[in-house]
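Novice:
There are 2 protein chains.
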Amino acid sequence: MELRTLRYFVAVAEELHFGRAAARLHMSQPPLSRAIRGLEADLGAVLLHRSASGVSLTPAGTALLDEARALLGRAERLRVRVAVAAGASTVTVGILGDGTDRGATRLAAVYRRRHPDVEIRVRETDLTDPTCGLRAGLVDVALTRGPFDETGLTVRELRADPVGAVLRADDPLARRDRLSMADLAGRRWFQFPDGVDPLWRSYWNGGEPREGPVVRAVQECLQAVLWNGTVGMAPLGHTPPEELTVVPLTDMAPSRVVVAWRTGDTNPLVRSLVRLAVTVYRG
Amino acid sequence: MELRTLRYFVAVAEELHFGRAAARLHMSQPPLSRAIRGLEADLGAVLLHRSASGVSLTPAGTALLDEARALLGRAERLRVRVAVAAGASTVTVGILGDGTDRGATRLAAVYRRRHPDVEIRVRETDLTDPTCGLRAGLVDVALTRGPFDETGLTVRELRADPVGAVLRADDPLARRDRLSMADLAGRRWFQFPDGVDPLWRSYWNGGEPREGPVVRAVQECLQAVLWNGTVGMAPLGHTPPEELTVVPLTDMAPSRVVVAWRTGDTNPLVRSLVRLAVTVYRG
DNA sequence: TGGCGGCGATACCGTGCGGGTATCGTCGCC
DNA sequence: GGCGACGATACCCGCACGGTATCGCCGCCA
Chain V
1 MELRTLRYFV
11 AVAEELHFGR
21 AAARLHMSQP
31 PLSRAIRGLE
41 ADLGAVLLHR
51 SASGVSLTPA
61 GTALLDEARA
71 LLGRAERLRV
81 RVAVAAGAST
91 VTVGILGDGT
101 DRGATRLAAV
111 YRRRHPDVEI
121 RVRETDLTDP
131 TCGLRAGLVD
141 VALTRGPFDE
151 TGLTVRELRA
161 DPVGAVLRAD
171 DPLARRDRLS
181 MADLAGRRWF
191 QFPDGVDPLW
201 RSYWNGGEPR
211 EGPVVRAVQE
221 CLQAVLWNGT
231 VGMAPLGHTP
241 PEELTVVPLT
251 DMAPSRVVVA
261 WRTGDTNPLV
271 RSLVRLAVTV
281 YRG
Chain B
1 MELRTLRYFV
11 AVAEELHFGR
21 AAARLHMSQP
31 PLSRAIRGLE
41 ADLGAVLLHR
51 SASGVSLTPA
61 GTALLDEARA
71 LLGRAERLRV
81 RVAVAAGAST
91 VTVGILGDGT
101 DRGATRLAAV
111 YRRRHPDVEI
121 RVRETDLTDP
131 TCGLRAGLVD
141 VALTRGPFDE
151 TGLTVRELRA
161 DPVGAVLRAD
171 DPLARRDRLS
181 MADLAGRRWF
191 QFPDGVDPLW
201 RSYWNGGEPR
211 EGPVVRAVQE
221 CLQAVLWNGT
231 VGMAPLGHTP
241 PEELTVVPLT
251 DMAPSRVVVA
261 WRTGDTNPLV
271 RSLVRLAVTV
281 YRG
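Protein chains in written order, with full-length UniProt numbering: chain V, 1 to 283; chain B, 1 to 283.
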């Protein structure tokens with residue numbers, strides 16, 4: 001029994017489905033099945049009922065789920081305690097000021113309560129740098145959106161938001177309940193300044209170069225649409241101002257909400273924050 | 001970071017010596033060094049100061065020792081909880097009635113306090129079966145003495161007691177402060193009955209066949225010496241009755257106090273009891 | 001001061017285990 | 001009865017963990 005095995009079990013017990021649990025663990029299903037069987041042998045108890053109608057927990061499995069969660073939580077706290085004792089006691093989180101995500105503040109609150117001796121700083125950035133200054137070292141963890149150039153960074157997906165076209169309410173297309181990119185051909189789009197991440201620019205342009213006003217932040221995007229009659233894309237799920245509408249786009253890949261950090265960053269505070277992010281966004 | 005790694009660290013941190021820690025972990029020193037270095041890299045903190053004058057803990061190491069002990073304790077409890085939830089809630093301990101060992105009762109008390117929902121039964125046996133009925137399944141764990149035939153069993157040493165010759169106080173040899181086997185040549189020794197473990201018989205005979213009265217328990221041994229003028233061996237460390245003396249024997253291997261269980265026994269209660277035994281006897 | 005011994009680090013090697021892909025067995029369910 | 005979903009099994013590969021041999025460094029003592 002190792003911590004890794006327990007993480008496996010928790011995933012299976014929460015998903016009640018080997019395939020989904022394997023996907024969540026970024027591995028394939030057979031080794032996961034084996035690992036759980038091994039755990040059962042090790043503990044000398046049947047943890048799961050496997051039937052055609054699905055997977056369910058035995059009493060022993062229920063007990064283990066409870067205990068394993070507690071143990072893994074303590075293991076995480078251990079990492080942070082050691083890091084604090086070693087002197088590294090602050091971590092800086094970058095959040096993208098896209099106005100759609102309330103998860104970041106919840107995460108910060110949960111982290112503060114769990115690790116009171118760690119100072120957590122939050123730095124909000126505008127839309128011109130989806131990495132929130134991660135590469136430059138301005139932040140240690142970025143809660144942001146894809147897509148962007150990921151070289152040197154490690155990225156974990158937290159959520160995927162479908163995107164829609166942002167239109168003036170009086171736009172002829174604004175009454176449609178969905179649109180495709182073809183409907184928007186030839187329209188002006190708001191632009192990010194030169195020099196920002198090409199993947200990011202291209203995505204929010206709908207995949208092709210466009211003409212339009214340059215913007216740096218959410219409010220500017222909205223103003224650009226209002227004043228100039230341009231269009232743009234935004235994740236669904238937040239309510240736009242009254243004069244604007246967001247119409248779902250059927251043929252655009254969803255925008256991924258991700259947590260990112262520098263690949264190889266050894267700071268355990270970073271890792272613990274990332275893990276907490278994943279669980280907070282999942283639950 | 002895995003539980004195994006943390007066990008390694010605890011061993012090193014307690015011994016403050018890589019070689020001794022490796023011995024305690026039944027492994028060689030180089031992989032242990034590597035594992036600790038890996039742990040330091042993983043946690044991003046220096047845990048130990050290595051100098052020619054020895055190994056010492058850094059603040060981070062101190063914090064980790066504390067947290068790791070707690071975590072490993074919880075892991076052990078987890079195993080027991082799961083076993084109990086799975087229905088296996090009693091464990092039987094055999095103790096050898098040799099009258100010298102108070103550790104067994106202390107162990108049972110500690111175990112009961114730590115795992116109140118486990119019923120622990122104690123079964124004391126006489127000197128004719130050093131395995132306390134382990135092979136026959138009468139007990140799950142034996143707290144006993146070596147040497148005995150270990151096939152099918154796994155044995156872990158807890159302590160090693162030097163042995164002495166048991167003599168009547170008026171015996172000419174009783175005034176000596178140490179003896180060798182040669183001094184006792186030709187003397188009658190108390191005997192264990194036919195059929196008991198040959199290794200065990202031979203050891204307590206001092207390695208060669210002897211004549212003498214047959215005994216089955218400690219009191220019978222003592223009476224045999226008192227009444228018949230025979231001699232025998234006993235571990236040092238307990239005070240004999242007034243009329244008897246125990247004189248250290250210089251050329252006999254010490255008697256090992258051991259904990260034993262059936263090899264491959266999957267009962268986690270057994271494993272947890274064994275681990276607790278090792279720590280209780282060490283501390 | 002130079003030889004020696006103790007001890008942790010390093011180099012190198014082999015094996016077992018944890019990961020992968022391909023496929024099977026066995027249920028429900030149209 | 002065929003099919004699809006899903007967990008189990010078979011088989012393979014690479015790496016990490018454990019081993020032995022040796023080094024480097026420091027302290028100690030003659």
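Just so you know, even glycine gets a beta-carbon here, dropped at the ideal spot from N, CA and C.
Residues of chain V with a CB under 8 Å from the CB of residue 79 of chain B: which are they?
Specialist: Per Cβ cutoff of 8 Å: 1, 43.
Novice: Could you tell me whether the Cβ atoms of residue 127 of chain V and residue 216 of chain V are closer together than 9 Å?
Specialist: Yes, these two residues count as a Cβ contact at 9 Å.
Novice: Let me know if residue 37 of chain B comes out buried or exposed under the rule of 16 or more other beta-carbons within 10 Å of its beta-carbon.
Specialist: Under this definition residue 37 of chain B is an exposed residue.
Novice: Measuring straight from C-alpha to C-alpha, what distance separates residue 158 of chain B and residue 271 of chain B?
Specialist: Answer to the nearest angstrom: the Cα atoms are 15 Å apart.
Novice: Excluding the five sequence neighbours on either side, which residues of its own chain have a C-beta within less than 7 Å of the C-beta of residue 24 of chain V, listed in chain order?
Specialist: Answer for residue 24 of chain V: 11, 15, listed in chain order.
Novice: Give the range of the alpha helix (DSSP H) segment to which residue 86 of chain B is assigned.
Specialist: Counting along the chain, residue 86 of chain B falls outside any alpha helix (DSSP H), and DSSP gives it neither H nor E.
Novice: Under 9 Å, CB to CB, which of the residues in the segment 65 to 79 of chain V have a partner in chain B?
Specialist: The residues in question are 66, 67, 68, 70, 71, 74, 75, 77, 78, 79.
Novice: Assess, as a yes-or-no matter, whether the segment 253 to 262 of chain V is touched by the segment 152 to 172 of chain V under the definition of 3 or more beta carbon pairs within less than 8 Å.
Specialist: Short answer: they touch.
Novice: Can you have a look at residue 26 of chain V and say buried or exposed, based on whether 16 or more other CB atoms are within 10 angstroms of its CB?
Specialist: When all chains shown are included, residue 26 of chain V counts as exposed.
Novice: With C-beta atoms as the reference, is residue 194 of chain V less than 9 Å away from residue 148 of chain V?
Specialist: No, Cβ-Cβ distance for residue 194 of chain V and residue 148 of chain V is not below 9 Å.
Novice: Kindly identify the DSSP beta-bridge partner or partners of residue 214 of chain B.
Specialist: According to DSSP, residue 214 of chain B bridges with B/191.
Novice: Quick check: the segment 109 to 126 of chain V against the segment 168 to 180 of chain V, are there 3 or more CB pairs under 8 Å?
Specialist: The segment 109 to 126 of chain V vs the segment 168 to 180 of chain V: no contact.
Novice: Going by DSSP, what residues sit across from residue 49 of chain B in a beta bridge?
Specialist: For residue 49 of chain B, which the question treats as bridged, DSSP gives the partners B/56.
Novice: Mind checking the segment 53 to 64 of chain B against chain V and listing, in chain order, the residues whose C-beta falls within less than 9 Å of any C-beta there?
Specialist: If the cut-off is 9 Å between Cβ atoms, the segment 53 to 64 of chain B has 58, 59, 60, 61, 62, 63, 64 near chain V.
Novice: Using a Cβ cut-off of 9 Å, pull out every chain B residue sitting near residue 85 of chain V, in sequence order please.
Specialist: The contacting residues are 45, 58, 59, 60, 61, 62, 63, 64.
Novice: Taking the alpha-carbon positions, what's the residue 161 of chain V to residue 237 of chain V distance?
Specialist: So the alpha carbons of these two residues sit roughly 8 Å apart.
Novice: Could you give the DSSP three-state label for residue 247 of chain V: helix, strand or coil?
Specialist: Reduced to three states, the DSSP call for residue 247 of chain V is strand.
Novice: At a CB-CB cut-off below 7 Å, which residues of chain B make contact with residue 90 of chain V?
Specialist: Within chain B, no residue comes near residue 90 of chain V; the closest Cβ sits about 14 Å away, beyond 7 Å.
Novice: Can you pull the chain B neighbours of residue 4 of chain V, defined as C-beta to C-beta under 8 Å?
Specialist: Those within 8 Å of residue 4 of chain V in chain B are 2.
Novice: For residue 140 of chain V versus residue 273 of chain V, is the C-beta distance shorter than 9 Å?
Specialist: In contact: residue 140 of chain V and residue 273 of chain V (Cβ atoms closer than 9 Å).
Novice: Straight-line CA distance for residue 45 of chain V to residue 60 of chain V?
Specialist: Each residue's alpha carbon lies about 7 Å from the other.
Novice: Which residues does DSSP list as the beta-bridge partners of residue 277 of chain V?
Specialist: Answer is none; residue 277 of chain V lacks a bridge partner.
Novice: Rounded to the nearest angstrom, what separates residue 221 of chain V and residue 208 of chain V at their Cα positions?
Specialist: Their Cα atoms are separated by approximately 18 Å.
Novice: Flag residue 254 of chain V as yes if its beta-carbon sits less than 9 Å from any beta-carbon of chain B, otherwise no.
Specialist: No, its Cβ sits nowhere closer than 9 Å to a Cβ of chain B.
Novice: Rounded to whole angstroms, what is the Cα-Cα separation between residue 67 of chain B and residue 266 of chain B?
Specialist: The alpha-carbon atoms of residue 67 of chain B and residue 266 of chain B are separated by roughly 28 Å.
Novice: For residue 267 of chain V, go through chain B and note every residue whose CB falls closer than 7 Å to its CB, in chain order.
Specialist: What residue 267 of chain V touches in chain B: 44.
Novice: Anything in chain V within Cβ reach of residue 196 of chain B, meaning under 9 Å, just list it in chain order.
Specialist: By Cβ distance, chain V contributes nothing, its closest Cβ being about 32 Å from residue 196 of chain B, past 9 Å.
Novice: With a threshold of 8 Å on Cβ separation, who are the neighbours of residue 244 of chain B within its own chain once the five nearest residues in sequence on each side are excluded?
Specialist: Taken in chain order, the residues that qualify are 166, 167, 168, 169, 222, 225, 226.
Novice: Compare the beta carbon distance of residue 146 of chain B and residue 282 of chain B with 9 Å and say whether it is the shorter of the two.
Specialist: Result no, Cβ atoms of residue 146 of chain B and residue 282 of chain B do not sit closer than 9 Å.
Novice: Let's test the definition: count the other Cβ atoms within 10 Å of the Cβ of residue 191 of chain V and tell me whether it reaches 16, buried, or not, exposed.
Specialist: Per the 10 Å Cβ criterion, buried.
Novice: State yes or no: is the beta carbon of residue 12 of chain V nearer than 9 Å to at least one beta carbon in chain B?
Specialist: No - not a single Cβ of chain B is within 9 Å of the one on residue 12 of chain V.
Novice: Assign residue 66 of chain V to one of three DSSP states: helix, strand, or coil.
Specialist: If DSSP states are grouped into helix, strand and coil, residue 66 of chain V belongs with the helices.
Novice: Check this for me: beta carbons of residue 65 of chain V and residue 13 of chain V, under 9 Å apart or not?
Specialist: Yes; because the gap between Cβ atoms is below 9 Å, this pair is in contact.
Novice: Can you have a look at residue 92 of chain B and say buried or exposed, based on whether 16 or more other CB atoms are within 10 angstroms of its CB?
Specialist: When all chains shown are included, residue 92 of chain B counts as buried.
Novice: Give the range of the beta strand (DSSP E) segment to which residue 169 of chain B is assigned.
Specialist: Here residue 169 of chain B belongs to no beta strand (DSSP E), and DSSP marks it neither H nor E.
Novice: State the DSSP-derived secondary structure class of residue 255 of chain B, mapped to helix, strand or coil.
Specialist: Strand at residue 255 of chain B.
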